[in-house]
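Visitor: In mature numbering (1 follows the signal peptide of the UniProt record, and there is no 0), the protein residues as written are -23 to -1, 1 to 942.
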């Protein structure tokens, strides 16, 4: 089935490529009546300048240089032209050149720093900032770029942390690092991730977005966020598109660097971190006027982080009187959690290219990254078992061994060929993701055998609302005594989730003149086949019908040597914890004590497994007009067709207590026209205004399309059982996107931009929560349980303002010339209309009202110091408030059962480097220097659902480079 699905589209792709190749050959072989201007732009040190702007007059033809600093302007009538070459931060150069029919006029330009200060230091940071600014300046899209020099100037734990420093970007964090990006107030699913333009699948079996914590920050050459899209880009990016660029070999001289860093975090008795980076690049082979023809760049990155986490997770709720009426706010339980991680992350990236001529090349790019998110989890849940309400059950202890192993990889090959009046782009690619340990983490549960008459929330002892105290968590209490917890079950897992994408795309464009104005018409097509699924097994071992609970061992039999006397800075007491290996050894030695629970195993395994195929076929047309030197107009229409087919597994419990698994099938198809218009008006040579309209889509998460039913005991928002149900009727949501942006490019490498955006969203996807009551239409077999299902809503909007400023103050006198500042600010608001069982219109999930970044830096000839401060305000993680229906709750949307929010997050990082001698640089860094908390709350910040700390990490390292600039 998989082979049949791609056979016809591949055949069509081959036909299209053949037609395009024939057309290109005809154009190339026709008698030449026009000429070409090409060349290389570099700085005074010989480093090539990417995205330098080249404008020819008359006619206004405009191009920008590629990653190797090359440019080419074809289809020029014979005559004399004025060529202006500009690059923000450098002095503009103007040349006069003669174009002869059938010939190429070579123009190699060297630009100089535009500064009246002769003592200005030209370092990697200045050149990196200049490269980012100039790429944004010459892009058809509204774009934000972060170069490798900018990324490596701060201690980013992974590439998500680096992306989170860009304007209008907030992060969903996990375990002390960024995991998913949220662009312009939209949830992670509404943005895609590409590697050199190729969509890569997310490893997580339940979601579509890519876990960016899988990728080391130092592995990529640059990162770009496309906030608007051209017709030749994938349309599933309502929020934006994150493009990870693999570094390419650019200069003829070889480069090599090696870096080693070690650090320490003062938490959980001390935890170590380490980092190793290596890269090399060189061009080789025959020499030509544009340099050596072959280029090879290789990179490797490895980091290890034995992170420790002190975590509490209370359960906000309300008390009731004897008649069940709400009285006061409270906490049902307190969960104390300790995490000890041994996380390792490594990756390889490489790029090989062969340059056919000044403007044409063939290439192979690839990236592989592996993230072992390994660790131990220890959790005590303290609950009230009576006699004073609320009665929330007995206390318990849980431990697990976390073994998620995430991978992403891609390999792309293709070419870019430029002819006298046309061009051809073509590419085939394969992308893959894997999630080892997809079914969950092996673990064990222990139940308390002691009664806890006083185990409840203690408001009198609670000094800080962020650290609610309970009456039963002292060292002498039964709830903290390991001899009072008895083993009840053991859960083991094996298996994985994988996704494979096969993609082919091609585009053909022709240059023409609209009167005297240079123009380009382009059309192309793309096909992508995605196959995602999970195949995992989760055996549960618990009490069999003939096994007496009295024979089960107690927690005290499995204690480890780990003790944390400084847990949560002394605000809570953490009891002794267990060694999971000894628990597994007990199971192996006593298989009859905890036999396999076949029904529980079936429920945990079968319902989570699925198979899904998604095929996306797209075609587009796009026209670009250069109306003189002031107006750049791009219009396009992209049409994407999507078909899906999937299989899930329904587990039904029979009357005799056994379970039956039945395959369930679903399918769907839809076609989406996606028009776009992008206008850039140059007010003068240093400023412009952009106005953009585009239409985007966002497809449902793959697993939500599967007809599954998953039961989680006690997983509901107020402790009831949770039933999660798939929805084969889900359709993609759409958005009309409007943008207005002003850009001003400042002397001495700087820019100011301010813009407004508005996104009009239809059929937004959100999880509908309902309590099964007497009047419920569906799921009567689950009375009083919480049903959760992803559904399409009515409509929504998000709007916002973004402001960004960056400047190298090289024009200031003396030591002040080494200062630099990058800062950005974003404000957003949104509404999601007509949500079931709600009378209000809440903001969108993931929409943080405020986000900002401040990054001052100071550089001398040898030293560089950079500080990064990032802020994301509180934003909704999940809807759970209900004002109507069986699940309606008291105390309103800001009460203890309000929506679940991320706490606001402000983090301070810093790094200093000093060039010592002969290529050696010494590094020192501090990460999370303000020990910022991470967590969630319900409704209002005082209703704590989770708060965890990581403590600062301080590191020292050394880096050696073959060349020092």
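Just so it is clear, CB atoms sit at the ideal spot from N, CA and C, and this is done for glycine as well. From a predicted model like this one, the values you see are computed outputs, not experimental measurements.
1) Count the other CB atoms, across all protein chains shown, that sit within 10 Å of the CB of residue 460; report buried if there are 16 or more and exposed otherwise.
2) How far does the alpha helix (DSSP H) with residue 11 in it extend, from its first residue to its last?
3) So residue 224 packs on residue 164, CB below 8 Å; how close in whole Å?
4) Going by alpha carbons, who is nearest to residue 343 out of 390, 375 and 298?
5) To the nearest angstrom, how far is the alpha carbon of residue 249 from that of residue 323?
6) What are the residues that DSSP puts in a beta bridge with residue 512?
7) What number of angstroms, rounded off, separates the C-alpha of residue 464 from the C-alpha of residue 285?
8) Nearest by alpha-carbon distance to residue 539: which of 354, 173 and 136 is it?
9) Please determine, among 885, 494 and 327, the residue with the shortest C-alpha to C-alpha distance to residue 277.
10) Over what stretch of residues does the alpha helix (DSSP H) that includes residue 580 continue unbroken?
11) Answer yes or no: do residue 57 and residue 75 have a C-beta to C-beta separation smaller than 8 Å?
12) Using 10 angstroms around the beta-carbon of residue 589, count the other beta-carbons present and answer buried if the total reaches 16, otherwise exposed.
13) What does a CB cutoff of less than 7 Å around residue 26 pick up in its chain, not counting 5 residues either side in sequence?
14) Does the Cβ of residue 335 have 16 or more other Cβ atoms within 10 Å, making it buried, or fewer, making it exposed?
15) Excluding the five sequence neighbours on either side, which residues of its own chain have a C-beta within less than 8 Å of the C-beta of residue 894, listed in chain order?
16) Cα separation between residue 206 and residue 51?
17) What does DSSP give as the partner residue(s) for residue 467 in the beta ladder?
18) Helix, strand or coil for residue 683? Go by DSSP, reduced to three states.
19) Using 8 Å as the cut-off, can you tell me whether the region 296 to 305 makes contact with the region 227 to 237, which would need three or more C-beta pairs spanning the two stretches below that distance?
20) DSSP three-state label for residue 709, please.
21) Cβ atoms of residue 351 and residue 339: under 8 Å apart, would you say?
22) How long is the line joining the alpha carbons of residue 706 and residue 179, rounded to whole angstroms?
23) Taking the alpha-carbon positions, what's the residue 488 to residue 77 distance?
24) Mapping the DSSP letters down to three states, classify residue 250 as helix, strand or coil.
25) In the DSSP assignment, find the unbroken alpha helix (DSSP H) run with residue 125 in it and report its ends.
26) Is it right to say residue 648 is buried, meaning 16 or more other beta carbons lie within 10 angstroms of its own, or is it exposed?
27) Considering Cα atoms alone, identify which of 899, 171 and 90 is closest to residue 201.
28) Distance check for residue 469 and residue 560, CA to CA, integer angstroms please.
29) Flag this pair as touching only if the region 835 to 855 and the region 792 to 800 have three or more C-beta atom pairs under 8 Å; answer yes or no.
30) Would you mind listing the beta strand (DSSP E) stretches within the region 656 to 683 that are 3+ residues and don't spill past its ends, in chain order?
31) Counting pairs of Cβ atoms below 8 Å between the region 878 to 898 and the region 843 to 853, do you hit three or more?
32) What are the residues that DSSP puts in a beta bridge with residue 736?
33) Out of curiosity, what's the CA-to-CA distance linking residue 90 and residue 798?
34) Between residue 709 and residue 676, which are expected to be in contact by the criterion C-beta below 8 Å, what is the C-beta distance as a whole number of angstroms?
35) Are the CB atoms of residue 138 and residue 162 nearer to each other than 8 Å?
36) The beta strand (DSSP E) that contains residue 953, what's its start and end?
Guide: Considering the structure as presented:
1) exposed
2) Counting along the chain, residue 11 falls outside any alpha helix (DSSP H), and DSSP gives it neither H nor E.
3) No, residue 224 and residue 164 are not in contact; Cβ-Cβ is about 30 Å, not under 8 Å.
4) 390
5) 17 Å
6) 473
7) 26 Å
8) The shortest C-alpha separation from residue 539 is found at 354.
9) Measuring from the Cα of residue 277, the nearest candidate turns out to be 327.
10) 575 to 583
11) yes
12) Result: buried.
13) 18, 19, 20, 42, 46, 64 and 88
14) By the 10 Å Cβ count, residue 335 comes out buried.
15) none
16) Going by C-alpha positions, residue 206 is about 25 Å away from residue 51.
17) Residue 467 has 421 and 518 as its beta-bridge partners, per DSSP.
18) Of the three classes helix, strand and coil, the one that applies to residue 683 here is coil, per DSSP.
19) no
20) coil
21) no
22) Each residue's Cα considered, the two are about 22 Å apart.
23) Looking at the two C-alpha atoms, the distance is approximately 18 Å.
24) strand
25) Its alpha helix (DSSP H) spans residues 125 to 128.
26) exposed
27) The residue with the shortest Cα to Cα distance from residue 201 is 171.
28) So the alpha carbons of these two residues sit roughly 11 Å apart.
29) yes
30) Fully contained in the region 656 to 683 are the following beta strand (DSSP E) runs of length 3 or more, in chain order: 664 to 675.
31) yes
32) 714 and 775
33) Rounded to the nearest whole angstrom, the C-alpha separation of residue 90 and residue 798 is 18 Å.
34) Sure, about 5 Å apart at Cβ, within 8 Å.
35) It is not a contact, given that the beta carbons lie outside the stated cut-off.
36) The question about residue 953 has no answer here: the residues shown for the chain are numbered -23 through 942.
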